[in-house]
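All remarks here apply to the structure that follows.
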Amino acid sequence: MTAFPGFRTPHRIILKKYDNDNDGRIDATEIQSVVDALMTEQFRSKAFKIGLIILTLFTIVLLGALFGLTWAVVAALKDTQVDGELLVTNDKARMPVMLANLEMTVGGGKLLTRDSMSPVTTSVVQSRGGVNVNTTFDKLLSMQSLVFAKTDGTSYTLSILGVARIPRENASDGAILRFQTDAGTVYLEDGVWSVSNITGPLLENLFTQIDGRGRRLQTAPPNTCYLLCVLLTACGVWVLPKSFR
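As structure tokens, then:
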């Protein structure tokens, strides 16, 4: 038999629970109850651990299933995907997706559609202004057309093929501007416009024949005729002029 005085207070409190006859001793029957209780608690502890492990695994599997299901739904709803740095359709065709900024490209100084390679716009931006022998050569190079316009509405347009600034023998006398056009060679000297090597009748009515001195711009009352130099651009990109040789 075991006497309670040989145990510490916490142990005595526990043993007292199994002292059914309250005689201060634990007999064989009561020891068996203690052993049964310990085995029961051990089984419950083991069952709790197993249940906790099962619950943890179930939670992990559930979270994985939810994540996989969510990913599958999102992937199924996606119309496009990235393949080799290209955005393609999410189907068997795998066709590249043409976005607005991918439908255009630059070629030859112009903005072109990628499929037909045609200019995005055919409109021409014009900038008009006068020209004289003191006009900077950079501006002369930017000129694309010469336009002679009369107040009666008549206009003559010449496409510039080349331009040259020719100094006179005496530097103090200034320079001569020569424009090579598709209708002839046009000169500007001392504020007077003249033409030579006319090809076709386009300029015959605009420039009069001077005996032995070629053709000059017709004389008329003030402001009846004026000249505009037209700088053409296409699609917002400056068109480089052709060099005169």
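Residue numbers for the sequence shown follow the numbering used here, so the first one is 1 and each next one is one higher. Glycine is no exception: its CB is placed at the ideal position from the N, C-alpha and C atoms.
Distance check between residue 148 and each of 89, 158, 182 and 44 places 158 closest, using alpha-carbon atoms only.
If only uninterrupted beta strand (DSSP E) runs of at least 3 residues are considered, those enclosed by the segment 144-193 are 145-150, 155-167, 175-181 and 185-189. Residues 30, 33 and 34 of the same chain have their beta carbon placed closer than 6 Å to that of residue 18, with the five preceding and five following residues left out of the count. Here DSSP, grouped into helix, strand and coil, assigns residue 21 to coil. Here residue 146 is near residue 179, since their CB atoms are less than 9 Å apart. Taking 9 Å as the cut-off, the Cβ atoms of residue 104 and residue 120 count as close. In the structure shown, residue 119 falls within a strand segment according to DSSP collapsed to helix, strand and coil. In this chain, the beta strand (DSSP E) harbouring residue 111 covers 110-113. For the pair residue 206 and residue 181, the CB atoms are not nearer than the 9 Å cut-off. Each of 93, 54, 187 and 183 was checked against the Cα of residue 200, and the nearest Cα belongs to 183. Cβ neighbours of residue 185 within its own chain (closer than 8 Å, five residues either side excluded): 178, 179, 195, 196 and 197. Ranked by how close their Cα comes to the Cα of residue 164, the residues 48, 132 and 151 have 132 in first place.
A direct Cα-to-Cα measurement between residue 49 and residue 60 gives close to 17 Å. In this chain, the alpha helix (DSSP H) harbouring residue 138 covers 137-142.
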